[in-house]
Ligand code: DAH
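Residue numbers (my numbering): 1280 to 1623.
This is the structure in structure tokens:
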């Protein structure tokens, strides 16, 4: 048989076999069938030895050309298969960038921390440092050095959890005043606020909690007066309750300040007219403050002849309750997300 014809038939057969081949595996089989050791093409080579010498080179060349052509045809099919597979994969893995994403709800700071952040920002802007102290405190710093010696009747104002005879869970953030003044050695001015948790023996109800948060403020310097205190308190009131708020100071008593005041802010609901929220008074009490008592300055190493200071202590829950009309302090601790999430 004519070699050219044989090759032509083989090539036709190959093309036919390749039609409809869709996988690389199937293609490998076809490749083995037409180009492998036992392929007809390879077997044809064996006839070479029967040919006269002068025909051998042309015969070999013909077979090799056929081999190359077959390989090329198979490769072309391989490319088509790979491209089809890739397209299929791309189609399957397409990302629709316009699709709405699943709702990953993002957490927020707890309302109490939001209030603390807001007040910290205000005071940092006025050059204050933020100081913290431990929640387990000595009786000495929590009471004695704040002018509340043992058996002082004013200790009854703050019923305490004692850990040992002279250690307790701090009843207020005021001991951080003492810590800072001692740290500064009576030598340099103090300008701090101190946020933190405090503890009192109280029966929990809508307005009482055995644990709550306070922010303490203390300024000690050589020219500090009651008017500095008043301006500072006004800044707190207006930051928390709005630029139009006014404050008034009422005489009060705290052992660590003299004079002591209680601070009221004009009611934000009725603007001072009188309503149910302010019990018709037009004012709402927000915090306690005063000029630092000489004894307190002295005990912490400051000479009251040279230094004066003012201080204040504010309840964070109280601020939040007034600002947002929250009627139960327990909401802050129950951690019901429906409550927490309202304050984004
Ligand atoms: N420590 C007081 C309390 O917890 C609040 C307070 C009042 C703090 C007057 C002060 C202050 O620094 O000057 O009831």
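Heads up, the beta-carbon is just placed ideally off N, CA and C, and yes, glycines get one too.
**Request:** Confirm, please, whether the CB-CB distance from residue 1469 to residue 1446 is below 8 angstroms.
**Result:** no
**Asked** Of all residues in the structure, which have a C-beta closer than 5 angstroms to any heavy atom of ligand 1, taken in chain order?
**Response** 1451, 1453, 1533, 1536, 1567, 1568, 1569, 1590 and 1592
**Request:** Report the three-state DSSP secondary structure of residue 1488 (helix, strand or coil).
**Result:** coil
**Item:** residue 1296 - DSSP class collapsed to helix/strand/coil
**Value:** It is helical.
**Asked** Got a sec, what are the start and stop residues for the alpha helix (DSSP H) residue 1506 sits in?
**Response** 1505 to 1520
**Contiguous alpha helix (DSSP H) assignments of at least 4 residues, all confined to the region 1382 to 1408** = 1390 to 1404
**Item:** Other residues of its chain near residue 1618: CB distance less than 6 angstroms, five sequence neighbours each side excluded
**Value:** 1610
**Prompt:** Closest by CA to residue 1422, which one among 1562, 1458, 1390 and 1404?
**Reply:** 1458
**Asked** How would you write the range of the alpha helix (DSSP H) that residue 1309 sits in, first residue to last?
**Response** 1303 to 1314
**Request:** Could you tell me which residues DSSP puts in a beta bridge with residue 1412?
**Result:** For residue 1412, which the question treats as bridged, DSSP gives no partner whatsoever.
**Straight-line Cα distance separating residue 1461 from residue 1467** = 11 angstroms
**Simplified DSSP assignment, three categories, for residue 1555** = Assignment of residue 1555 by DSSP, reduced to helix, strand and coil, places it in the coil class.
**Prompt:** CB residue 1599 to CB residue 1496, shorter than 8 angstroms?
**Reply:** Contact flag unset, no.
**Item:** residue 1315 versus residue 1383: straight-line alpha-carbon distance, rounded
**Value:** Approximately 58 angstroms, taken between the alpha carbons.
**Whole alpha helix (DSSP H) elements within the region 1428 to 1490, 4-residue minimum** = 1454 to 1463
**Request:** Please classify residue 1432: is it buried, with 16 or more other beta-carbons within 10 angstroms of its beta-carbon, or exposed?
**Result:** exposed
**Asked** Going by beta carbon distance, what residues of the same chain come within less than 8 angstroms of residue 1411, once the five residues before and after it are set aside?
**Response** Answer for residue 1411: 1455, 1473, 1474 and 1475, listed in chain order.
**Request:** May I ask you to verify whether the region 1530 to 1538 touches the region 1483 to 1501, counting CB pairs closer than 8 angstroms and requiring at least 3?
**Result:** no
**Request:** Kindly indicate which residue of 1570, 1523 and 1524 has the alpha-carbon position closest to the one of residue 1541.
**Result:** 1570
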